[in-house]
Each structure stands twice: as structure tokens, then as C-alpha cells.
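All remarks here apply to the structure that follows.
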Amino acid sequence: MSSQPMWRLRLGAEAPRYLLGLASLFGIVASARFAILPPKAASLSSPVAVASRPGLAAEGYALLFARDYLTWNATEPQSSMRALEAMTGSGMEPDAGREIPASGEQSVVWAQVVQEREAAPGEQVFTVAAQTDTDGLVFLTVAMQRTQQGQLVLAGYPAFVGAPALGSAQLAEGVRNVSDVGLRTVVERAMRNYLADAPAELAADLTGAARVSLPATGLTLATVQRIAWTADARSVIAVVQALDQRGAQYTLAYELDVVEAQGRWEVSAVQMDPYS
Numbered sequence: 214m215s216s217q218p219m220w221r222l223r224l225g226a227e228a229p230r231y232l233l234g235l236a237s238l239f240g241i242v243a244s245a246r247f248a249i250l251p252p253k254a255a256s257l258s259s260p261v262a263v264a265s266r267p268g269l270a271a272e273g274y275a276l277l278f279a280r281d282y283l284t285w286n287a288t289e290p291q292s293s294m295r296a297l298e299a300m301t302g303s304g305m306e307p308d309a310g311r312e313i314p315a316s317g318e319q320s321v322v323w324a325q326v327v328q329e330r331e332a333a334p335g336e337q338v339f340t341v342a343a344q345t346d347t348d349g350l351v352f353l354t355v356a357m358q359r360t361q362q363g364q365l366v367l368a369g370y371p372a373f374v375g376a377p378a379l380g381s382a383q384l385a386e387g388v389r390n391v392s393d394v395g396l397r398t399v400v401e402r403a404m405r406n407y408l409a410d411a412p413a414e415l416a417a418d419l420t421g422a423a424r425v426s427l428p429a430t431g432l433t434l435a436t437v438q439r440i441a442w443t444a445d446a447r448s449v450i451a452v453v454q455a456l457d458q459r460g461a462q463y464t465l466a467y468e469l470d471v472v473e474a475q476g477r478w479e480v481s482a483v484q485m486d487p488y489s
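Laid out in C-alpha cells, this is it:
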């Protein structure tokens, strides 16, 4: 039987007591630290971050306001006023300063936001194009802002304005026409089947991963006026003439993504991605 030094035996016997004392010391130090520098509790009343711009919701409300503002019926003036009350509140006249005539009515056929600008931090001014049944096409600006509480409010009275600047159409110049006969054949055939809403026939010219959505109204391809490369040479632009079932003729331009695989051209997309 081997003997061990006394100091080792004594240390083994008293080790639990030393460990217990060390743990107590750490507890005292930790308690003192929390007493001197207590941790900061998370504030439940921290303000919610508010977007600097009113956003998409403001565009929608500007559109709704424009529709209600331009819609009225002299035989039901209270109804016309109530439509605006939710947005004018107590900060503006109930009818947003509008006074409808003693007779007649007006309605909006369609309306669309066509322009947006930032008038001040947090304030956006939207230009709404509205087709009315009496005054035709009119343009109305509506200013929207978001309060510190996150609510959307009108930032002022609306204004009738002119249309955004519109110039003449500019067609691409200096484009390189497609000279590859095989590619031209595939593009023309693909366009014919695409316009005719013939998915089975179109599939023969598509890649396996093609993402294509066919138009709901079938058209008949009349002629292919031009097939040209895009600037990056990864797609082609096909300018075609097509007829609908009533005989109306349209000149249309389609961008087709094309790839060459094993000496054969295939189409991977036509004009748009239905999944984006």
C-alpha cells in the first residue's frame, strides 16, 4: 500500500470547505456589483420608430381622398360631405373647403397616382390623375404626412394642377438586328404560339426552367416587323403586328430572354416574370 504526503491528504479533506467559501465570496461580489451598478431595465414606454416617409398607405389614402373630393351629387350634399369627414377631421372644413353647385353631379371613372414628391421631411405630395364623367381628365395634388403617433393626415388643401411633362415617344436607335436565321425562326414561332395562347406548342421552344405567363386574350400574329438584340445581347426585342378576334390590329414589342444550348436557341422568358 503506497503512502501519500500529509499535505495532499489534508487538502483533499478540506477541499469542499474551500470551494464553498469561494462560491460564497463570488456571491457577495456579484451582489455588491448589482447594488452599485444595477442593470437598466428595458423601457416599456420607448417610442415606436416612425417611418420618415408616409409610405404606400399614404399613396392609397391620397387616391381615396381624390376620388371622394371629385365625386359629388347636388341632390345628396350630406352624403358627399360625409365621404370626406374621416380625412378632414376638425383641422379642416368638413368638405375640405369644397362647395358643390346647386344642381348636377360628378363621378370618377378611374384615378391613379402618377407623380410623387417630398415637400418636407415626412410630407409627400401625390399628383392624382382622375378621369371624371363631366370635366374629363383632371390632375389633383394631395399632400399627406404621418404624425408622431403614426397616423396619416392631410397636410393641406388639395390643388388642381396641370399634367406632368410628357414628350414624344423615343424608340431605341442604333440597335443590332438579329441575323441568325435559326434564332429568328424560333422567336417568330414562339411569338406566334405565345400570342395565340397555345402553351403546348410554345413549350417546344422554351427552356426547362422558363417562367412564362400567356395573355388571356388570344391574338393572331400578322407580321414580325423587327427582331433586334438588347444592349447586353442576352435578350431580343421582337416588334410584331397582331390581330384580335374583332379584327383590331396592334403593333406590340416583346422582350424575349434567349439562350443557345447545343446549337439550338431556346426562350427562357417573354416580357415579364410572373413570379416576381
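Residues in the sequence shown are numbered consecutively from 214, following our numbering. Built from N, CA and C at the ideal position, the CB exists for glycine as well. Predicted, not measured: the structure shown is a model, and the values here were computed from it.
- Within the stretch 389 to 467, the complete beta strand (DSSP E) runs of at least 3 residues fall at 433 to 442, 448 to 456.
- For R311, the closest C-alpha among the options F373, S392, D393 is that of F373.
- Within the DSSP secondary-structure output, L297 pairs in no beta bridge.
- In the DSSP assignment, E336 falls within the beta strand (DSSP E) that extends over 336 to 345.
- Taken in chain order, the unbroken stretches of beta strand (DSSP E) that lie wholly in the stretch 309 to 339 and span 3 residues or more are 321 to 333.
- Residue burial annotation: S292 is exposed, with fewer than 16 other C-beta atoms found within 10 angstroms of its C-beta.
- Here DSSP, grouped into helix, strand and coil, assigns G349 to strand.
- Pairwise C-beta distances place the stretch 415 to 427 out of contact with the stretch 377 to 388, as fewer than three of them are shorter than 8 angstroms.
- Looking only at A482, P371, L432, the smallest Cα-Cα distance to R459 is reached by L432.
- Under the Cβ criterion (8 angstroms, minimum of three pairs), the stretch 423 to 438 does not count as touching the stretch 340 to 357.
- A Cβ-Cβ contact shorter than 8 angstroms links A309 with P371.
- Distance check between I440 and each of A342, P314, N390, E329 places N390 closest, using alpha-carbon atoms only.
- Here V327 is exposed. Its C-beta has fewer than 16 other C-beta atoms within 10 Å.
- A residue is called buried when at least 16 other Cβ atoms come within 10 angstroms of its Cβ; N406 meets this threshold and is buried.
- A straight-line Cα-Cα distance of about 16 angstroms links L456 and R402.
- DSSP places S481 in the strand class (E or B) of the three-state scheme.
- The beta carbon of S316 sits closer than 6 angstroms to those of A287, all from its chain and outside the five residues before and after it, given in chain order.
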